[in-house]
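Visitor:
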Ligand code: SF4
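In the working numbering, the protein residues as written are 516 to 804.
(1) Going by DSSP, what residues sit across from residue 639 in a beta bridge?
(2) With burial defined as no fewer than 16 other Cβ atoms inside 10 Å of the residue's Cβ, what is the status of residue 516: buried or exposed?
(3) For residue 769, which residues of its own chain have a beta-carbon under 7 angstroms away from its beta-carbon, when the five flanking residues on both sides are left out?
(4) Please indicate yes or no: does the CB of residue 703 lie closer than 8 angstroms to some heavy atom of the ligand SF4?
(5) Could you check what DSSP says for residue 554 in three-state terms: helix, strand or coil?
(6) Measuring from the CB of residue 695, is there a heavy atom of the ligand SF4 at a distance below 8 angstroms?
(7) If you draw a straight line from the alpha carbon of residue 703 to that of residue 646, how long is it in whole angstroms?
(8) Roughly how many angstroms lie between the CA atoms of residue 669 and residue 662, to the nearest whole one?
(9) Here's a check: name, in chain order, each residue in its chain whose Cβ is nearer than 8 angstroms to the Cβ of residue 743, leaving out the five neighbours to either side.
(10) So, with DSSP's three-state summary, where would you put residue 534?
(11) What is the DSSP secondary structure of residue 712, counted as helix, strand or coil?
(12) Between residue 751 and residue 545, what straight-line distance do the alpha-carbon atoms span, to the nearest angstrom?
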């Protein structure tokens with residue numbers, strides 16, 4: 516089926532038919548499997564230069580004890596994770612905080628580094644060599660040079676596409692004021708990861724003001740990148756949750772139907788080569804393959 520016809524079908528077919536088709540496609544790939552990876556989270560820095568309106572991860576410097584987790588603390592978290600049976604160290608970070616905060620630049624200088632990526636490369640290398648945990652790195656938008664450096668100290672990396680809707684970057688949109696949420700920038704970074712042959716996780720965030728058509732644009736764009744580079748292991752379909760103390764605290768959340776429709780569309784567009792992960796709407800942490 517051509518992309519145009521598939522798009523029309525996804526936009527008009529009943530949900531029950533789409534979920535049946537996507538289930539059949541999934542099951543054609545073999546018996547359904549539940550997989551998981553034991554990992555320990557290492558939030559290396561919660562500073563971020565972006566201001567996404569739904570975010571609960573990023574904090575201002577005054578709300579943090581330190582701008583970056585110091586090396587001793589990182590290694591302690593990693594060692595305790597390894598002792599508990601973890602196999603991976605999941606590094607989570609805000610995006611390039613040194614470009615926004617003097618506190619980040621000062622903390623990096625005190626640690627002996629110029630950029631967040633410099634420190635990340637160093638500390639991920641220590642975790643890999645000293646604990647045996649395999650780093651998975653979520654460090655925001657990265658360049659080809661960044662990927663070349665970080666691939667030496669990690670097993671995989673990730674960057675959510677979130678949404679390729681330019682509208683959401685305009686004033687009033689959830690990505691206004693967040694330069695790293697420019698769709699072209701994120702797609703270029705995911706492509707650069709592909710050129711560097713990085714095993715990669717990405718995904719979309721649904722219910723932040725995008726349309727179904729725009730979600731399909733995202734999924735087709737990710738499929739095209741995977742066809743070119745073969746690097747996408749997993750695409751997350753994440754549903755927006757309204758969290759207290761965020762700009763979008765009172766925004767409506769997407770319905771279960773929207774989530775199911777998007778998961779089905781993702782499977783029918785992406786095929787069976789890529790795992791699809793989605794948190795159940797009322798709980799957290801499930802996976803649909
Ligand atoms: S880029 Fe990520 S960490 Fe930074 S504000 Fe946006 S969602 Fe939060």
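Ideal Cβ placement from N, Cα and C applies to all residues, glycine included. Keep in mind that this is a model prediction, so the values were computed, not measured.
Guide: Judging by the given coordinates:
(1) Looking at the DSSP output, residue 639 sits in no beta bridge, so it has no partner there.
(2) Residue environment analysis places residue 516 among the exposed positions, since fewer than 16 neighbouring C-beta atoms fall within 10 angstroms of its C-beta.
(3) Correct list, in chain order: 721, 722, 754 and 755.
(4) False, no ligand heavy atom lies under 8 angstroms from that Cβ.
(5) If DSSP states are grouped into helix, strand and coil, residue 554 belongs with the strands.
(6) Remark: the shortest separation between the CB of residue 695 and any heavy atom of the ligand SF4 falls under 8 angstroms.
(7) In this model, residue 703 and residue 646 are separated by some 33 angstroms (Cα to Cα).
(8) Distance between the alpha carbons of residue 669 and residue 662 is about 10 angstroms.
(9) Excluding residues within five positions, the ones whose Cβ falls inside 8 angstroms are 706 and 709.
(10) DSSP, reduced to helix, strand and coil, places residue 534 within a helical segment of the structure shown.
(11) Shown here, residue 712 sits in coil according to DSSP, grouped into three states, outside any helix or strand.
(12) In a straight line, the C-alpha of residue 751 is about 21 angstroms away from that of residue 545.
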